[in-house]
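With mature numbering (1 follows the signal peptide of the UniProt record, and there is no 0) as the guide, the letters of the sequence shown map in order to residues -28 to -1, 1 to 227. What follows is a short report on a single structure.
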Amino acid sequence: MVRLSRRHALVAGLGACAAALGGTQASARALIALPDDIVNADAATIRAVSTPSPVVAMTFDDGPHPTQTPRLLDMLRERGIRATFYLIGNRVVQYPSIAQRIAEEGHEIGNHSWSHPFLDRMATSAVTREIDQTSDAIFQVTGRPPVTFRPPYGALTRSQRTGLHTARALPTILWSVDPQDWRRPGASVVANRILQNAHQGSIILSHDIHRGTVDAMPRTLDGLAARGLQFVTVSQMIGWPLWQTRTFRRVVQTR
């Protein structure tokens, strides 16, 4: 794994899944592996950041969830912690008040596609629709569009990541710590995996749709804080302004 400066960010992609993927999300996720297309100084793909200060970014995928996301938000609010939520577009439409609460409480919202498909197996036009529809849904609810993207399963080819960055100015945000909480191993296992593997500059993957993950968060968050690590959003980690402080205007995208 190559580390670059915070200005350039660390690059390492979790690319395409094996050809014969199928079945449930859990079985499909298990086949995701690091690709062979790691490129130095590729601003389109970020897995972690070499930061000058002791910070980590907690990220939560696949919400909003009607019960688990509000529980998690309560925990974060009690601790004064900002996180980044990669939301699925159709769930933003289904639970707009929760998405709005995420934004209002100082967290960042990122784009996680409209329907959680394997984007690396789709045509460019279909991928663009998935992303644009989600950005529009987030804009409608929060008044601001997402500025980063995380592909479901981490499955986006290098050319897709580069093309997305060029066409929509959306860097692909992957992760450096994966507790494999989607396997639902239990709260203690999730907490242990994060605490054992997280360090300064880590981007930590988790899913707020699972009760066990949310149950793991008090010990996880308190344990990281006890080590002197501070929590920032993805935008803050890569040196951008806090998402809520940016001014946006709605732009009609052309394909």
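Ideal Cβ placement from N, Cα and C applies to all residues, glycine included. In this text, all values refer to a predicted model and were calculated from it rather than measured experimentally.
{"Query": "Straight-line Cα distance separating valine 28 from isoleucine 176", "Result": "7 Å"}
{"Query": "Proximity of alanine 71 and proline 36 at Cβ, strictly below 7 Å", "Result": "yes"}
{"Query": "CB-CB length for threonine 31 against tryptophan 147, believed under 8 Å", "Result": "7 Å"}
{"Query": "Distance CB(serine 131)-CB(valine 149) smaller than 7 Å", "Result": "no"}
{"Query": "Coarse secondary structure for glutamate 80, derived from DSSP in three states", "Result": "strand"}
{"Query": "N- and C-terminal bounds of the alpha helix (DSSP H) containing isoleucine 166", "Result": "159 to 169"}
{"Query": "Beta carbon of aspartate 33 nearer than 7 Å to that of histidine 179", "Result": "yes"}
{"Query": "Contact the stretch 149 to 169 vs the stretch 110 to 121: 3+ CB pairs below 8 Å", "Result": "no"}
{"Query": "Cβ-Cβ distance between threonine 192 and alanine 163 below 7 Å", "Result": "yes"}
{"Query": "Separation of serine 85 from arginine 93, as counted between CA atoms", "Result": "14 Å"}
{"Query": "Classification of residue 235 by the beta-carbon crowding that lies within 10 angstroms, buried from 16 upward", "Result": "Here the chain covers residues -28 to 227 and nothing more, so residue 235 does not appear."}
{"Query": "Spatially closest choice to arginine 101 from Ile81, Tyr67, Asn62, Ser69, by CA coordinates", "Result": "Asn62"}
{"Query": "Close-in-space but distant-in-sequence residues of the same chain around arginine 218 (CB under 6 Å, 5 per side omitted)", "Result": "none"}
{"Query": "First and last residue of the uninterrupted alpha helix (DSSP H) at aspartate 108", "Result": "96 to 114"}
{"Query": "CB contact flag (threonine 23, glutamine 172, <7 Å)", "Result": "yes"}
{"Query": "Inter-residue CB distance, tyrosine 67 and proline 38 (contact presumed, cutoff 8 Å)", "Result": "6 Å"}
{"Query": "Among Val64, His88, Ile103, Thr129, the one whose alpha carbon lies nearest that of alanine 141", "Result": "Ile103"}
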